[in-house]
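Only one structure is covered here, and it is reproduced in the block below.
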Amino acid sequence: MFGRLILVLVLFAAVPAWAQWFKIPTPGIPRTADGRPNLTAPTPRSPDGKPILSGIWQMNGKYLQDIAADMKPGDVPYRPETEKLFNSRRNGAGGKNDPAARCIPGMPKLNALPYPFKILEAPGVVIMLFEGFTTFRQIFTDGRELPKDPNPAWFGYSVGKWEGDDFVVNTIGINESTWLDNAGRPHSDALHLIERFRRHDFGHMDIELTIDDPKAYTKPWTVKEDLRLIPDTELLEYVCNENNKDYEHLVGN
Amino acid sequence: MHAQWIHYPTAGIPRLADGKPNLSAPTPRTKDGKPDFSGVWEVEHNRPCPPGGCDDMWIPQEFLDIGWSLKGGLPYQPWAAEIVKRTKEDRSKDPNSHCLPTGMVRMYTTPLFRKMVQTPGLLIILTEREVTYRQIFTDGRPLPVDPQPSWAGYSSGKWEGDTLVVETSGFRDGLWLDASGSPLTETAKITERIRRVNFGKLEVEITVDDLKAYTKPWTIKLTQMLAPDTDLLDYYCIENEKDRPHLVGK
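Protein chains in written order, with the working numbering: chain A, 5 to 257; chain B, 5 to 254.
Below, the structure is given as structure tokens:
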């Protein structure tokens, strides 16, 4: 399905003059003399000195296809049964079993969609609005603890706190049927994700993502995903169920 | 009873001596003095329960018929009246039954929670149903001219005293406003006047101006009740959708 989504994105990019808010100046963006956004300007900060994460961001697309794109083969610490399951999903086998094929992407795939998302910081909660699937995550920053033995949720339960300039998000309770990436890397119900959001300058951010899942992997492993700010635009509408023609052609049970 | 945040005290709620939320306390306000709509909201329970008790999902009158409070009902154009008549026998065409977006009006009448989060320049509504959202810009931007038709429309709001007046246009054809099949067309303009009456109650006056489907503009009023000390769960229509093959229709 995602191959086609990328095609759609290319089509959008080829049609510059939509009359919605596809092109609208984002207030507060530092600009160079010619009026272009200065994406290497310093990280904006709130009055309390913390980096501001708000804005529209998009992740490097390679991590959706392969979350371990930057790792050496053999460095992902699979448990044998995890590797076996992963191998059984190679080359699209079982693609029908990926909930994303039925319009539910799961985490951490949601962050990695080839569409922008918007971060909004509100009192007690950070909200991520995703163009892809027109869905959202809530990351609570009101000091609550992660729930104990929660009912599995598609995007899990997330709490965040600042550690210096890093916004650190812990997530548990993710429905175990979701895949970590399109390649089909599995996870268990014990999955604990640790995301460290780190905004380097105005236009660039990393998410250092640790996958801590002792049932599926022998030790925690970490990848660093890079994102760029997408200035002067707004999220478009994306309704997966509207015209989902791929599902019946996917292989699986 | 799950161990997620379905029972978690909401910060900042005024409480009575016994610790219960005081829902008739004054309207909360943001730093700039405007009413703050932030909170988890649900439908008004304005429909008597059927014999044998209320369903798990308690639907309001407006879910079934958005014009139920209007004398003589909605001023349908003949083709729209025909859809409503047909829907009495055949509900299979309802976009809801196909897990498609509810649109902004049914978002308010769905018997699942929604959460408003008010930030400077933007009011967002997060919904349990479909784990989706609506954005209402309050940064003064004008509505787009001839936009790409959409399920959500394009919404821009401004304050008139303590009322947020939101204009929305840019819909696609095919949205329904209720389970009766009251249609909305791409020529529609919708105006909402949103007011937080007190801590526990939100009033939304909705004017639908869609002369392709209705002979004149009409206005209804919806009430939303605060759902304190809880938060949204995730509800995906498609997750275990078993009804569609059993629906009657052609």
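Backbone N, C-alpha and C fix where the C-beta goes; we use that ideal spot for every residue, glycine too.
Buried/exposed call for residue i, threshold 16 Cβ in 10 Å
| i | result |
| --- | --- |
| G147/A | exposed |
| C58/B | exposed |
| H11/B | exposed |
| V149/B | exposed |
| D235/B | buried |
| W45/B | buried |
| G43/B | buried |
| G44/A | The question names Gly, but residue 44/A in the sequence shown is Thr. Flag for T44/A reads exposed. |
| S92/A | exposed |
| M75/A | exposed |
| D185/A | buried |
| A192/B | buried |
Residues that residue i contacts on chain A, provided the C-beta gap is smaller than 8 Å
| i | result |
| --- | --- |
| D238/B | A157, W158, F159 |
| L104/B | V243, N245, E246 |
For residue i, three-class secondary structure by DSSP
| i | result |
| --- | --- |
| L68/A | helix |
| H6/B | Low confidence applies here, because H6/B scores a pLDDT of 40, under 50, leaving its location unreliable; read the following figure in that light. Of the three classes helix, strand and coil, the one that applies to H6/B here is coil, per DSSP. |
| T195/B | strand |
| V12/A | A caution first: V12/A carries a pLDDT of 41, below 50, which makes its placement in the model unreliable, though a value can still be read off. If DSSP states are grouped into helix, strand and coil, V12/A belongs with the helices. |
| Q65/B | helix |
| R33/B | strand |
| T189/B | coil |
| L114/A | helix |
| F6/A | Note that F6/A scores a pLDDT of 46, beneath 50, so its modelled location is shaky; the value from the coordinates is reported in the next line. Residue state, collapsed to three classes: helix. |
| S173/B | strand |
| H208/A | strand |
| I70/B | coil |
| V172/A | strand |
| L237/B | coil |
| I108/A | coil |
| R19/B | strand |
| H11/B | coil |
| G164/A | strand |
| A97/A | coil |
| I242/B | helix |
| E180/A | coil |
| H102/B | helix |
| E199/A | strand |
| E135/A | coil |
| A17/A | With a pLDDT of 39 at A17/A, under the threshold of 50, the modelled position of this residue cannot be trusted, and the question is left open. |
| P103/A | helix |
Terminal residues of the alpha helix (DSSP H) in which residue i lies
| i | result |
| --- | --- |
| Y112/B | 107-113 |
| R51/B | Unbroken run through R51/B: none, as it is neither H nor E. |
| N91/A | 84-92 |
| E93/B | 82-93 |
Option nearest residue i by Cα separation, candidates the options
| i | options | result |
| --- | --- | --- |
| T226/A | R232/A, D236/A, I215/A | I215/A |
| K165/A | I143/A, E85/A, G188/A | I143/A |
| L126/B | T114/B, I140/B, V135/B, T172/B | I140/B |
| A29/B | L236/B, E164/B, N202/B | N202/B |
| R95/B | G185/B, L215/B, M229/B | G185/B |
| G160/A | D170/A, E167/A, I178/A | I178/A |
| N50/B | L68/B, L147/B, S42/B | L68/B |
| P112/A | V129/A, P154/A, D153/A, M63/A | M63/A |
| V243/A | S162/A, T138/A, H204/A | T138/A |
| K225/B | L20/B, I17/B, P146/B, Q65/B | Q65/B |
| T182/A | G53/A, A157/A, M132/A, R203/A | A157/A |
| S162/A | E246/A, N95/A, Q69/A, G128/A | G128/A |
| D166/B | A231/B, T106/B, R197/B | R197/B |
| G174/B | I194/B, E164/B, D60/B | I194/B |
Beta-carbon neighbours of residue i, restricted to chain B and to distances below 8 Å
| i | result |
| --- | --- |
| N146/A | Checking the sequence shown, residue 146/A turns out to be Asp, not Asn. A15, listed in chain order. |
| P51/A | Residues of chain B passing the Cβ test: none, with the nearest at roughly 13 Å. |
| I131/A | V121, I128, L130 |
| I28/A | R145 |
| I108/A | Y240, I242, E243 |
Residue i beta carbon near the ligand MN (any heavy atom closer than 7 Å)
| i | result |
| --- | --- |
| M63/A | This structure lacks the ligand MN; in fact it carries no ligand of any kind. |
Contact list for residue i against chain B, beta-carbon separation under 9 Å
| i | result |
| --- | --- |
| L124/A | V121, T123, L126, I128 |
| W61/A | The premise fails here: W61/A is roughly 16 Å from chain B at the closest Cβ pair, so nothing lies under 9 Å. |
| W166/A | Simply none; closest approach about 18 Å. |
Per-residue contacts from residue i into chain A (C-beta, under 7 Å)
| i | result |
| --- | --- |
| T136/B | T138, T139 |
| W155/B | E241, V243 |
| W163/B | Those within 7 Å of W163/B in chain A number zero; the least Cβ separation is about 18 Å. |
| Y12/B | R148 |
Residue interval of the beta strand (DSSP E) (run including residue i)
| i | result |
| --- | --- |
| E125/A | 121-126 |
| W225/A | 225-233 |
| P44/B | Pro is not the amino acid found at residue 44/B; the sequence shown has Val there. Per DSSP, V44/B belongs to the beta strand (DSSP E) from 43-47. |
| D213/B | 205-213 |
| K162/B | 158-164 |
| V121/B | 118-123 |
| K225/B | 222-230 |
Chain A residues whose Cβ lies nearer than 9 Å to that of residue i
| i | result |
| --- | --- |
| W9/B | F144, R148, P151, P154, Y161 |
Chain B residues whose Cβ lies nearer than 7 Å to that of residue i
| i | result |
| --- | --- |
| G78/A | The premise fails here: G78/A is roughly 36 Å from chain B at the closest Cβ pair, so nothing lies under 7 Å. |
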